[in-house]
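If you read the sequence shown in the numbering used here, its first letter stands for residue 69, the second for the next number, and so on.
Every residue gets a Cβ at the ideal spot worked out from N, C-alpha and C, and that includes glycine.
Written below as structure tokens is the structure these notes are about.
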Amino acid sequence: MGLVAGLAVIVGLYFWSMRVRRPPAPSAARLPASARALLQPFRRDSVDLTVAAQGEMSYEVGMQAGTTLVYAWSTGGRGETLACQFAGRESRGVSEGHSALVAQSSGWYRWHWSNKNNRPVTIHLKLSGRYEPGIVPPRDVR
Numbered sequence: 069m070g071l072v073a074g075l076a077v078i079v080g081l082y083f084w085s086m087r088v089r090r091p092p093a094p095s096a097a098r099l100p101a102s103a104r105a106l107l108q109p110f111r112r113d114s115v116d117l118t119v120a121a122q123g124e125m126s127y128e129v130g131m132q133a134g135t136t137l138v139y140a141w142s143t144g145g146r147g148e149t150l151a152c153q154f155a156g157r158e159s160r161g162v163s164e165g166h167s168a169l170v171a172q173s174s175g176w177y178r179w180h181w182s183n184k185n186n187r188p189v190t191i192h193l194k195l196s197g198r199y200e201p202g203i204v205p206p207r208d209v210r
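Structure, rendered in structure tokens:
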């Protein structure tokens, strides 16, 4: 009797599971922007960049709307200063910068440094967040 009852339960569960269908997984294109942002992997990178004497350099990262990037850069504390522009924020005569950015739209976000010194300056850039690394090696703008 117990064997028949157990078999009936198994057969019943089998037919019930056949009627209950799981919804298909949504494609990334149909996801809202907030969900697409989570598909971008979390990264942590450290990059050393050298800006030539009297030169300029750009470095870019790609971000999805709604993702966050935390960054810090410095010239190593030897008194070397640069002009820096990032995401519409501009500063001159600085040897370091740090902040967080929430991407308002998907696209490329760029740092641009200008070196007015008579010798090359090395920048130590640290990044963490959901982004795609940009052009490697970075562009040396002359």
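Put residue i into one of helix, strand or coil per three-state DSSP.
i, result
"A120", "coil"
"P94", "Residue placement at P94 is flagged as unreliable, the pLDDT there being 48, under the threshold of 50; the coordinate-derived value follows with that caveat. P94: coil per DSSP, three-state reduction."
"A140", "strand"
"A133", "coil"
"R155", "According to the sequence as given, residue 155 is Ala; it is not Arg. A155: coil per DSSP, three-state reduction."
"V88", "Bear in mind that the predicted position of V88 carries a pLDDT of just 49, short of 50, making it unreliable; the figure below should be weighed with that in mind. Of the three classes helix, strand and coil, the one that applies to V88 here is coil, per DSSP."
Using 8 Å as the threshold, is the C-beta distance between residue i and residue j below it?
i, j, result
"W181", "E164", "no"
"G147", "W176", "no"
Starting from the Cα of residue i, find the closest Cα among the options and give me that residue.
i, options, result
"T136", "Q108, C152 and T143", "Q108"
"I191", "V162, V72, F110 and Y199", "V162"
"N183", "G144, Q172, Y139 and M125", "M125"
Return the bridge partner residues of residue i from the DSSP annotation.
i, result
"G175", "M131"
"P201", "V129"
"L193", "V115 and W141"
"S17", "Nothing about residue 17 can be read from this structure; the chain reaches only from 69 to 210."
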